[in-house]
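**Student:**
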Amino acid sequence: MSKQQRTKRKPTRPPEVATPTVPVAGPAKAAAPPSSRRTFLAALAGAAAVGGAAYGGMAWWQAREAASNQVAAPGKASQRAHPTVVQGDGVHGPKGMVWVPGGEFAMGSDSKLAQANEKPAHPVRVHGFWMDRSHVTNAQFREFIKATGYVTTAERKPDWETLRVQSPPGTPRPPDSVLVPAAMVFVGTDRPVNLSDWSQWWQLVPGASWKAPQGPGSSIEGKDDHPVVQVSYEDAEAFAKWAGKRLPTEAEWEFAARGGLEQATYAWGDDYQPDGQPMANIWDKTAKGRFPVLPKVSAKAGGAIGTQPVGTFLPNGYGLVDMTGNAWQWVADWYRSDYFQLEAKAQGNKPIDNPAGPQDSWDPDDTGALPAAPRRVTRGGSFLCNEDYCLSYRPSARRGNDPFNPMSHIGFRLVSDAPGPAGT
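Under my numbering, residues 361 to 784 are what the sequence shown spells out, in order.
#1: With distances taken Cα to Cα, identify the nearest neighbour of Val538 among Leu523, Pro529 and Gln623.
#2: In this structure, does DSSP put Tyr593 in helix, strand or coil?
#3: Please return the same chain residues whose Cβ sits closer than 7 Å to the Cβ of Arg551, not counting the five positions on each side in sequence.
#4: Measuring alpha carbon to alpha carbon, tell me which residue in Ala542, Gly453 and Lys605 is nearest Asp519.
#5: Please classify Asp635: is it buried, with 16 or more other beta-carbons within 10 angstroms of its beta-carbon, or exposed?
#6: I need the boundaries of the beta strand (DSSP E) containing Thr531, first residue and last residue.
#7: With burial defined as no fewer than 16 other Cβ atoms inside 10 Å of the residue's Cβ, what is the status of Asp726: buried or exposed?
#8: Where does the unbroken alpha helix (DSSP H) through Ala706 begin, and where does it stop?
#9: Could you give the DSSP three-state label for Thr672: helix, strand or coil?
#10: Would you say Gly317 and Trp490 are within 8 Å of each other, going by their C-beta atoms?
#11: If distances are taken between C-alpha atoms only, which option among Leu751, Thr738 and Thr512 comes closest to Ser395?
#12: Considering just the uninterrupted stretch of the beta strand (DSSP E) at Leu786, what are its terminal residues?
#13: Leaving out the 5 sequence neighbours to the left and right, which residues in its chain are closer than 7 Å to Val789 when beta-carbon positions are compared?
#14: Using alpha carbons as the reference points, say which of Gly783, Leu730 and Leu774 lies closest to Lys601.
#15: Can you check DSSP and say which residues form a bridge with Asn746?
#16: Who does Gly771 pair with in a DSSP beta bridge?
#17: Would you mind giving the Cβ-Cβ distance between Pro772 and Glu594, rounded to the nearest angstrom? I have them listed as a contact below 8 Å.
#18: Are the Cβ atoms of Ser756 and Gly468 separated by less than 8 Å?
#19: Looking at the unbroken alpha helix (DSSP H) that takes in Trp613, where does it start and where does it end?
#20: What is the DSSP secondary structure of Val559, reduced to helix, strand or coil?
#21: Would you list the residues sitting across from Met467 in a DSSP beta bridge?
#22: For a quick check, are the C-beta atoms of Val460 and Tyr678 less than 8 Å apart?
#23: Report yes if the C-beta distance between Phe599 and Val496 is below 8 Å; otherwise report no.
#24: Going by DSSP, what residues sit across from Trp490 in a beta bridge?
#25: I'd like to know if the stretch 626–640 and the stretch 687–694 are in contact, where contact means that at least 3 CB-CB pairs between them fall below 8 Å.
#26: Evaluate contact between the stretch 715–722 and the stretch 604–613, counting only Cβ atoms and requiring at least three cross-stretch pairs below 8 Å.
#27: Looking at the secondary structure, which residues open and close the alpha helix (DSSP H) in which Ala499 lies?
#28: Going by beta carbon distance, what residues of the same chain come within less than 8 Å of Trp561, once the five residues before and after it are set aside?
#29: Have a look at Asp762 and Trp722 and give me their C-alpha separation to the nearest angstrom.
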């Protein structure tokens, strides 16, 4: 995306749509998670001195044997005819991808757990496509870097014009000494804190990148099968171009995440933990304690915080793993918090065919930037999502993020328009 695209778009807000409110589950009144690096620029010089040590003690999950190719039980949700899992082998479909047959579904949610930006549920039709079975992994991203020499957003000196459009009018340009390569890192806390201030558990860490997700001293050694994180939307687009694929639309992503279940609460059904079995890598406070306090246990003892190997949990109905939890996923669409409202008003009960998202961004919930600041949609939640702060481990949950904002819990997966299986 060029500087002109980032700075000259003039999105307007429809006057008839009220500013959405975001309900939060649990007793805490939580602020939205960070969607941009701008807030930390003033403190970056100080962070540079401590960033390397800020995450040195973080414990991470040990590799677990990947789940088998079984399909998760549907729970109590209503469902269509159970889909047939079709995996590409490099001859009959792209290798490492599964076929998502497309169809009509109710996108979004009107459930009591849904936030305003997920409402209302409205009919949408998507065409069939191939989707990566899992997130793009560290090993796959390393291949891309080796083949192209690409330098990620986190590894470059920040461009002030890119940061300026994410900042309030009149924000002064920071000195060059502050504009250094850096990325957002979850650092947690050592005690319970007020959840209205996410800066207590996030830091902008100089030197953090896809190969050092927590900053200097960290690494991805032994984590080839974990989702790559600390990648921006721009990075994901560059990888997609190299791989001959593309990012999914928001509609494609949600259809795929539902796995054939209609309006189920989760990607596997309506039961949070069917038969007491965890179904996704999220922050479950029974195992990990109160968010965002880092558990004082070893990784071997369980309860540590971070990504897990892809496929640790059972696939959904289409054979896709980790559609929710583990790491947020970039999708192609611009983000408008009111987009579902606008679509439902324009289309009524008529299905919207293969929507590609809005033409601009609108996020009045982020009070630290202009509502029209560029935002791309992220979906699926991450290892940080929990019932007290973030219920985004649901197929309908959505949020917007600065396209140039890499974070330690955001990755991606891709889709392909290769011909579908015979007979489709």
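Cβ atoms here follow ideal geometry from the backbone N, Cα and C, with glycine treated the same way.
**Tutor:** With the structure as the only source:
#1: Leu523
#2: helix
#3: Val653
#4: Ala542
#5: exposed
#6: Thr531 -> no beta strand (DSSP E), and no H or E assigned at all.
#7: buried
#8: Tyr699 to Gln707
#9: coil
#10: Outside the shown range of the chain, which is 361 to 784, sits residue 317, and nothing can be said about it.
#11: Thr738
#12: No statement about residue 786 is possible, as the shown extent of the chain runs from 361 to 784 and does not include it.
#13: No information on residue 789 is available, as it lies outside the stretch 361 to 784 that the chain covers here.
#14: Leu774
#15: Cys750
#16: Gln689
#17: Checking the displayed sequence, the identity of residue 772 turns out to be Phe instead of Pro. Actually they are not in contact, since the Cβ atoms of Phe772 and Glu594 sit about 11 Å apart, beyond 8 Å.
#18: yes
#19: Glu610 to Arg618
#20: The residue asked about is misnamed: residue 559 is Ser in this sequence, not Val. Helix, per DSSP.
#21: His482
#22: yes
#23: yes
#24: Trp459 and Ser776
#25: no
#26: yes
#27: Asn498 to Thr508
#28: Phe546, Val547, Gly548, Thr549, Val553 and Pro652
#29: 12 Å
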